[in-house]
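In the numbering used here, the protein residues as written are 228 to 468. Virtual Cβ for every residue (Gly too), placed ideally from N, Cα, C.
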Amino acid sequence: MNLQVFDTYKDLSRAVADMIGQVIKDKPDAMICIASGHTPIGVFEGIVNDVQSGLLNISRCTFVSLDEWLGIDPSDQGSCLSMLRRDFFDRVPLNQSQVHYFDVQVSNPEEECLRIDQLIASHGGLDVMLVGIGTNGHIGMNEPGTPFRSRSHISELAEETRVTGQKYFTKKTTLTQGITLGLAHFSEAKLPILMANGGRKKAIMEKVMRRRASERLPATIIHQIQNAQVMVDREAYNPEG
Ligand code: F6R
Numbered sequence: 228m229n230l231q232v233f234d235t236y237k238d239l240s241r242a243v244a245d246m247i248g249q250v251i252k253d254k255p256d257a258m259i260c261i262a263s264g265h266t267p268i269g270v271f272e273g274i275v276n277d278v279q280s281g282l283l284n285i286s287r288c289t290f291v292s293l294d295e296w297l298g299i300d301p302s303d304q305g306s307c308l309s310m311l312r313r314d315f316f317d318r319v320p321l322n323q324s325q326v327h328y329f330d331v332q333v334s335n336p337e338e339e340c341l342r343i344d345q346l347i348a349s350h351g352g353l354d355v356m357l358v359g360i361g362t363n364g365h366i367g368m369n370e371p372g373t374p375f376r377s378r379s380h381i382s383e384l385a386e387e388t389r390v391t392g393q394k395y396f397t398k399k400t401t402l403t404q405g406i407t408l409g410l411a412h413f414s415e416a417k418l419p420i421l422m423a424n425g426g427r428k429k430a431i432m433e434k435v436m437r438r439r440a441s442e443r444l445p446a447t448i449i450h451q452i453q454n455a456q457v458m459v460d461r462e463a464y465n466p467e468g
């Protein structure tokens, strides 16, 4: 694991966008998994700017959305897909075949998990997987207790996720289950990036950095991934205390 600490969210976001940009320059047909939520917004901003100013060409990349709420209409503005569309997909020139996500309207979500796993495998794995961290240490919707060897699966949301997830919705929304890429996808990605910013993540980041890898705290998987990049701002984690 490699840790980089930045003074501001802006610097952090720029560095993560550059890291992903470099992968795309080296491998134009890279497959990139991206989280939704508040953490990566600045990264998307950076990539969008690079694409719009002609510095980066993403015309051969494929993007895979990390997860989705089950039981929520994908058109709801709090769905992971709506967030990614607003913050990224709709702001860059992409055709449909470049964008992949869990379809939560299928009759068999287990089959949907297999479909996404096969898509990733057929590509030879993920080149980049960018994830945030929940205040309970989750990655994607891999809640505490999820096996490190997990691939795409249906997840029972932890109480903390059901509560904090409300921030994405305009009205009180019942969140019970999710569908998510697994922790094995993260450890096998060529460039796994865990990003965290802001004081709200300070307590969990301290715990994750202090503890050894344990399935009780999913983000601690970083300790057993040699090439994992932990990218934080100083508010989220300050190694000097
Ligand atoms: C989002 C996701 C979640 C978030 C995490 C942090 O697709 O999978 O695990 O990354 O809950 O959320 P934010 O970034 O909103 O603080």
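Asked: Can you list the beta strand (DSSP E) stretches of 3 or more residues lying completely in the region 393-448, in chain order?; Found: 404-407, 418-423
Asked: Does the Cβ of ILE431 lie closer than 7 angstroms to at least one heavy atom of the ligand F6R?; Found: no
Asked: When the Cα atoms are used, what is the spatial distance from GLU433 to PHE290?; Found: 31 angstroms
Asked: In chain order, which alpha helix (DSSP H) runs of at least 4 residues are fully inside the region 336-378?; Found: 336-349
Asked: Determine the direct distance from the alpha carbon of ASP314 to that of ASP300, and round the result to whole angstroms.; Found: 18 angstroms
Asked: Can the beta-carbon of LEU293 be found closer than 8 angstroms to that of LEU408?; Found: yes
Asked: VAL232 lies in the alpha helix (DSSP H); which residues open and close that run?; Found: VAL232 -> not in any alpha helix (DSSP H); beta strand (DSSP E) instead, spanning 229-233.
Asked: Taking the alpha helix (DSSP H) that LEU308 falls in, what are its first and last residues?; Found: 307-314
Asked: Less than 8 angstroms between the C-beta atoms of TYR464 and ALA423, yes or no?; Found: yes
Asked: Over what stretch of residues does the alpha helix (DSSP H) that includes ASP253 continue unbroken?; Found: 236-253
Asked: Closest to GLN345 by C-alpha separation, out of SER379, HIS365, MET246, would be which residue?; Found: SER379
Asked: Rounded to whole angstroms, what's the CA-CA distance from GLU295 to LEU418? Just pull it up for me.; Found: 22 angstroms
Asked: Do you know offhand how far VAL270's Cα is from ASN335's?; Found: 33 angstroms
Asked: The ligand F6R and GLY367: does any heavy atom of the ligand fall closer than 7 angstroms to the residue's C-beta?; Found: yes
Asked: Mapping the DSSP letters down to three states, classify GLU387 as helix, strand or coil.; Found: helix
Asked: Label VAL197 either buried or exposed according to how many other C-beta atoms from any shown protein chain fall within 10 Å of its C-beta, with 16 as the threshold for buried.; Found: The displayed coordinates of the chain run from 228 to 468. Any statement about residue 197 would go beyond what the structure contains.
Asked: Considering only the alpha carbon of each residue, which of ILE431, LYS252, GLY405, ARG461 lies closest to LEU447?; Found: Correcting the residue identity first, residue 447 is Thr in this sequence and not Leu. Out of ILE431, LYS252, GLY405, ARG461, ILE431 has the C-alpha closest to the C-alpha of THR447.
Asked: In the DSSP assignment, find the beta strand (DSSP E) that holds VAL457 and state where it starts and stops.; Found: 456-460
Asked: With burial defined as no fewer than 16 other Cβ atoms inside 10 Å of the residue's Cβ, what is the status of LYS252: buried or exposed?; Found: exposed
Asked: Out of GLY426, LYS428, PRO466, SER414, state which residue places its alpha-carbon closest to the alpha-carbon of ILE449.; Found: SER414
Asked: Any heavy atom of the ligand F6R closer than 7 angstroms to the Cβ of HIS412?; Found: no
Asked: If you reduce the DSSP assignment to three classes, tell me which class SER292 lands in.; Found: strand
Asked: Pick from GLU338, ARG318, THR397, GLY468: whose alpha carbon is nearest that of ASP303?; Found: THR397
Asked: Assuming SER263 contacts MET228 (C-beta within less than 8 angstroms), just tell me the rounded distance between them.; Found: In fact, because the Cβ distance is near 24 angstroms, the residues do not count as touching under 8 angstroms.
Asked: Counting C-beta neighbours from all protein chains within 10 Å, is the total for GLU206 16 or more, i.e. buried, or is it exposed?; Found: No information on residue 206 is available, as it lies outside the stretch 228 to 468 that the chain covers here.
Asked: Tell me the rounded alpha-carbon separation between THR391 and ARG443.; Found: 19 angstroms
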